[in-house]
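Peer 1:
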Amino acid sequence: MTTPPLARLAPVTLAEVIDRAALQCRVDRKYVITVDELPHLLDHLTPYARVLDIDGERTFRYESVYFDTPCLASYHCAAYRRRRRFKVRTRTYLDSAQCWLEVKISGARGRVTKHRLPYRAEDRSTVRSGRGFVNDVLDQEAILTDLAARLFDPVLVTTYRRATLLLPATASRVTIDTGLTWQDGDRALRLPGIAVVETKTSSAPSLVDRALWQRGTRPVRISKYATGLAALRLDLPDVPWRRTLRRHFRAAPSSALPELTVPNRSEQEASCA
Numbered sequence: 225m226t227t228p229p230l231a232r233l234a235p236v237t238l239a240e241v242i243d244r245a246a247l248q249c250r251v252d253r254k255y256v257i258t259v260d261e262l263p264h265l266l267d268h269l270t271p272y273a274r275v276l277d278i279d280g281e282r283t284f285r286y287e288s289v290y291f292d293t294p295c296l297a298s299y300h301c302a303a304y305r306r307r308r309r310f311k312v313r314t315r316t317y318l319d320s321a322q323c324w325l326e327v328k329i330s331g332a333r334g335r336v337t338k339h340r341l342p343y344r345a346e347d348r349s350t351v352r353s354g355r356g357f358v359n360d361v362l363d364q365e366a367i368l369t370d371l372a373a374r375l376f377d378p379v380l381v382t383t384y385r386r387a388t389l390l391l392p393a394t395a396s397r398v399t400i401d402t403g404l405t406w407q408d409g410d411r412a413l414r415l416p417g418i419a420v421v422e423t424k425t426s427s428a429p430s431l432v433d434r435a436l437w438q439r440g441t442r443p444v445r446i447s448k449y450a451t452g453l454a455a456l457r458l459d460l461p462d463v464p465w466r467r468t469l470r471r472h473f474r475a476a477p478s479s480a481l482p483e484l485t486v487p488n489r490s491e492q493e494a495s496c497a
């Protein structure tokens, strides 16, 4: 997604992004826009933002494997808007083969805390070697306290390309994800025409939030794991993301028509019978 506006942004190193805006405890705001809207947004940010640049590259390939219990405890916590929610995933930076095991905790007032453990890329489809780390985090956060219920299996794989921006004035970050795909067994979803823009701040809205608001774009409820799984498994409860699913996943604008390979509801019910 290296567009001319992205190329015009001043570069920033990974070390500086981490030093100035690690934000492991933060407020996230997410937006869905079409890829056609990105050049205008990036043009607006040129005087204020710097873009992560590693060896001349400004977008990078990501893969996330999401894990859940047999009863989908993580998913249902999100679907029923439990006050304390969690996600377990591995995230692999495909261009560098670096991998992390992560546990994300969502709490009151949209606060997100992320715990990370360096992980072997070849182990990214299992939490077996990192189970102690996952258990320690869940114990610390008093989540899923029944140890017997902590049996995590891979459920969903997502891939995308990401550009990361630093806003030095507010020590905040912005990520822009494109080329989004989801894979759940033989079910697949691709949304080549949309971009997910996520602002990560200590609390106050960033320049990007305000720029999007001025254009009439408001934050949406979207989770790469939960919204993607709801799009692929029609039998799951989807109330928190129904508007996002209807607008961007199931009836996307013409420039973002979804490429979807998924059984219909009756076929899914038959497969579960």
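For what it's worth, my numbering labels the leading residue of the sequence shown as 225, then goes sequentially.
Even glycine gets a Cβ: it sits at the ideal position worked out from N, Cα and C.
Treat the numbers as computed from the prediction; the structure is a model and nothing was measured.
By Cβ distance, which residues of its chain are closer than 6 Å to Asp319, with the 5 residues on each side in sequence left out?
Peer 2: Hits under 6 Å: Phe284 and Arg285.
Peer 1: Under 9 Å, do Ala450 and Trp437 count as touching if we go by C-beta distance?
Peer 2: No.
Peer 1: My output table needs one value for Val361: the three-state DSSP class, helix, strand or coil.
Peer 2: Helix.
Peer 1: Is Ala231 helix, strand or coil when you go by DSSP?
Peer 2: The answer is helix: DSSP assigns Ala231 an H, G or I state.
Peer 1: Quick check: what's the CA-CA separation for Pro294 versus Leu375?
Peer 2: One C-alpha to the other measures close to 7 Å.
Peer 1: With 16 other CB atoms within 10 Å as the buried threshold, where does Glu326 fall?
Peer 2: Label assigned to Glu326: buried.
Peer 1: So Thr425 is in the beta strand (DSSP E); what residue range does that whole segment cover?
Peer 2: Unbroken beta strand (DSSP E) run through Thr425: Ile418 to Thr425.
Peer 1: Indicate the three-state DSSP secondary structure (helix, strand or coil) for Pro477 in the structure shown.
Peer 2: Residue placement at Pro477 cannot be trusted, given a pLDDT of 39 that sits under 50; the coordinates are not used to answer.
Peer 1: Measure from the alpha carbon of Asp408 to the alpha carbon of each residue in Ala234, Leu371 and Asp292, then state which is nearest.
Peer 2: For the residues Ala234, Leu371 and Asp292, the minimum Cα distance to Asp408 belongs to Asp292.
Peer 1: Rounded to whole angstroms, what's the CA-CA distance from Tyr343 to Tyr299? Just pull it up for me.
Peer 2: For Tyr343 and Tyr299, the distance between alpha carbons rounds to 23 Å.
Peer 1: Within its chain, find whatever has a CB closer than 7 Å to the CB of Phe357; leave out the 5 residues flanking it on each side and keep chain order.
Peer 2: Excluding positions up to five away in sequence, the list reads Leu325 and Leu341.
Peer 1: Identify the continuous beta strand (DSSP E) that holds Ser349 and give its terminal residues.
Peer 2: Here Ser349 belongs to no beta strand (DSSP E), and DSSP marks it neither H nor E.
Peer 1: Give a yes or no on whether the C-beta atoms belonging to Thr402 and Leu413 are separated by under 9 Å.
Peer 2: Taking 9 Å as the Cβ cut-off, Thr402 and Leu413 do not qualify as a contacting pair.
Peer 1: Leaving aside the five residues before and after Leu484 along the sequence, list all residues of the same chain whose C-beta is less than 7 Å from its C-beta, in chain order.
Peer 2: Annotation note: pLDDT 49 at Leu484 (below 50); position unreliable, coordinate value reported separately. The residues are Leu413.
Peer 1: Assuming Leu390 contacts Val256 (C-beta within less than 8 Å), just tell me the rounded distance between them.
Peer 2: With 8 Å as the limit, Leu390 and Val256 do not qualify as a contact, their Cβ atoms being about 22 Å apart.
Peer 1: Start and end of the beta strand (DSSP E) containing Val379?
Peer 2: Taken as a continuous stretch (DSSP letters only), the beta strand (DSSP E) holding Val379 covers Asp377 to Leu391.
Peer 1: Count the other C-beta atoms from every protein chain shown that fall within 10 angstroms of the C-beta of Thr382, then say buried if there are 16 or more, exposed otherwise.
Peer 2: Buried, since its Cβ has 16 or more Cβ neighbours within 10 Å.
Peer 1: Could you pull the start and end residues of the beta strand (DSSP E) that Cys323 belongs to?
Peer 2: Its beta strand (DSSP E) spans residues Gln322 to Ser330.
Peer 1: What is the C-beta distance between Thr270 and Arg232, in whole angstroms, given that I count them as a contact (C-beta under 8 Å)?
Peer 2: Contact flag correct, Cβ pair sits at about 6 Å.
Peer 1: Would you mind stating whether Glu287 and Thr316 have Cβ atoms separated by less than 9 Å?
Peer 2: It is a contact, given that the beta carbons lie within the stated cut-off.
Peer 1: Within its chain, find whatever has a CB closer than 7 Å to the CB of Ala373; leave out the 5 residues flanking it on each side and keep chain order.
Peer 2: Excluding sequence neighbours, Ala373 sits near Thr293 and Ala297.
Peer 1: If you follow the alpha helix (DSSP H) that Gly452 is in, where does it begin and where does it stop?
Peer 2: First-last of the alpha helix (DSSP H) with Gly452: Ala450 to Leu456.
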